[in-house]
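Here's the structure we're looking at; comments come further down.
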Ligand code: NDP
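Residue numbers (my numbering): 1 to 278.
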């Protein structure tokens, strides 16, 4: 995989770029342009989802880009309403159709929905898709340790990735440790804290000034040095470029400590223990 972004080796040996491009809240008709800009800037990993409604626009950009399929890393996710064995297989086919692909690199369960009790059978369909080679890796999002325990008691393939909300205001130390001990890579969603307030925090702007970088670059660097996979989203071309220019500088131990001191265990999104939207 040729890219300016180094890979993380997942637990099944698949290489995943440590930094990718998220497209939540990018309308379908704008996704093509945003993804094209990201591919031009050097991103090779794209994080979409059935629920984002932009798999089609994303797929158009991939097809037109001229980037070889084996150099791309495409993630999509199964939406809540489609949990269940047969419905998952159907929804996966529909995602592939919309993306215009014959496989994805990573397929993720979007939310555990514990009150519904269907994530185990859903994951069994993921194992079928995986053994068919139509997803090179499978995993989950928003799974708490208790959900992963239930999964490991009833299924065979250890999830390659757990994509969770993670940024300096919500650092998820116990969950990061739990996943690391089981060989599950952590992927940070809302890695920039959705740009809300985090990028103006004095501790971060001071580090940015010290390195002659932007606050977003400093936060992304913090994630990368912790070993997190990140998928910052932007529809702004200058920010799309800025967010991938993070492999030519390093934070020192003091910088990392100052950012790590910002934890408030503060979620910006829903709590996976209680979120049950279908
Ligand atoms: P991010 O933390 O990536 O922040 C995105 C926001 O920050 C946008 O408003 C963007 O503005 C702004 N921004 C981006 N780059 C910069 C910059 N360099 N300087 C200043 N502001 C900037 O939030 P997301 O919630 O989008 O998370 C990233 C991705 O994670 C999503 O797109 C999605 O792929 C995934 N995700 C997964 C979830 C899950 O449940 N599995 C849940 C939520 C997200 P603008 O676009 O206007 O430039």
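From the three backbone atoms N, C-alpha and C, an ideal C-beta is built for every residue, glycine too.
Contacting residues, own chain, Cβ-Cβ under 6 Å from residue 57 (five flanking each side not counted) = Excluding sequence neighbours, residue 57 sits near 28, 31, 32.
Taking DSSP as the reference, what is the three-state secondary structure of residue 105?
-> Strand, per DSSP.
Shortest alpha-carbon distance to residue 202 belongs to which of 219, 194, 189?
-> 219
Based on the DSSP output, what are the partners of residue 143 in its beta bridges?
-> None; residue 143 has no bridge partner.
Segment limits, beta strand (DSSP E) that includes residue 8 | From DSSP, the beta strand (DSSP E) with residue 8 extends over 7–9.
Where does residue 33 sit, in a helix, a strand or coil, going by DSSP?
-> helix
What is the rounded straight-line gap between the Cα of residue 99 and the Cα of residue 60?
-> 7 Å
Answer yes or no: do residue 174 and residue 140 have a C-beta to C-beta separation smaller than 9 Å?
-> Annotated as distal: residue 174 and residue 140, with beta-carbon spacing of 9 Å or more.
Where the alpha helix (DSSP H) through residue 156 begins and ends = Where residue 156 is concerned, there is no enclosing alpha helix (DSSP H), given that its DSSP letter is neither H nor E.
Please say whether residue 91 and residue 41 have beta carbons closer to each other than 9 Å?
-> no
CA-CA distance, residue 274 and residue 147?
-> 12 Å
Closest to residue 103 by CA distance: which of 122, 135, 95, 169 is it?
-> 135
Using only alpha-carbon positions, find the residue among 25, 84, 160, 231 that is nearest to residue 15.
-> Here the closest residue by C-alpha is 160.
Entirely enclosed beta strand (DSSP E) segments - the segment 157–226, minimum 3 residues = 161–165, 185–189
Quick one: complete beta strand (DSSP E) runs, 3+ long, within the segment 77–142?
-> Complete beta strand (DSSP E) runs here, min 3: 104–109, 135–141.
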